[in-house]
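Each residue of the sequence shown is one higher than the one before, starting from 1 at the first, in my numbering. What follows is a short report on a single structure.
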Amino acid sequence: MSSLLQPETAMALAISEAVAALSTGDVPVGAVLISGAGEVLGRGRNRREERGDPTAHAEVEALRAAAQQGGWRREGTTLFVTLEPCTMCMGALLAARVERLVYGATDLKAGAAKSMYRMAEDPRLNHRMQVVSGVLEDECSQLLRDFFKDLRARKRSD
């Protein structure tokens, strides 16, 4: 990735997308796909609640936005996402040939980059991807903790 856009700067863009997901009641996860030259190719945030679509995860939304600009192959790109991707999203990133994944918060229950599975390293798959974890981890994790704390409080008061 170009030095034009530092990892913390790109992750801050993903965090902005995650915050926007809160307005629709979606889990606050955001993603941005960055070219090797540092250009934002696609942005996404969780929209499952908003769209009633189980595939509307931030990573998939960012890939869809980038594909609208021309093509599904994303060699030489980096995806920044606030939460470690699930198996569906890792499959999409690998299918798109994303070169590098950078995420903030670890997902011990569903993470498919390093936690539950290590799909980016699996020799049975036709693509490999570099994985970097923990960029702005505290900020990414806090968004999720606050969301779920508020959700539990709302459920108790119902």
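Ideal placement from N, C-alpha and C gives every residue a C-beta, glycine not left out.
Which residue marks the beginning of the alpha helix (DSSP H) containing R100, and which one marks its end? DSSP places R100 outside any alpha helix (DSSP H); the residue lies instead in the beta strand (DSSP E), whose first and last residues are 100-105.
Limits of the unbroken alpha helix (DSSP H) element including L144: 137-157 is the extent of the alpha helix (DSSP H) around L144.
How long is the line joining the alpha carbons of G25 and I15, rounded to whole angstroms? Rounded to the nearest angstrom, the two C-alpha atoms are 16 Å apart.
Could you tell me the distance, in whole angstroms, from the CA atom of D138 to the CA atom of N46? Going from the Cα of D138 to the Cα of N46 covers about 19 Å.
If distances are taken between C-alpha atoms only, which option among V131, E61, G42 comes closest to R51? Residue E61 is the option with its Cα nearest to R51.
Let me know the secondary structure DSSP gives T78 once reduced to three states. Strand.
Whole angstroms are fine: how far does the CA of G44 sit from the CA of L63? Cα to Cα, L63 sits roughly 8 Å from G44.
How is L83 classed by DSSP in three states: helix, strand or coil? Residue state, collapsed to three classes: strand.
Suppose the cutoff is 8 Å on Cβ atoms and the five residues either side in sequence are ignored; what does the same chain contact list for A12 look like? Cβ neighbours of A12 beyond the five flanking positions: L136.
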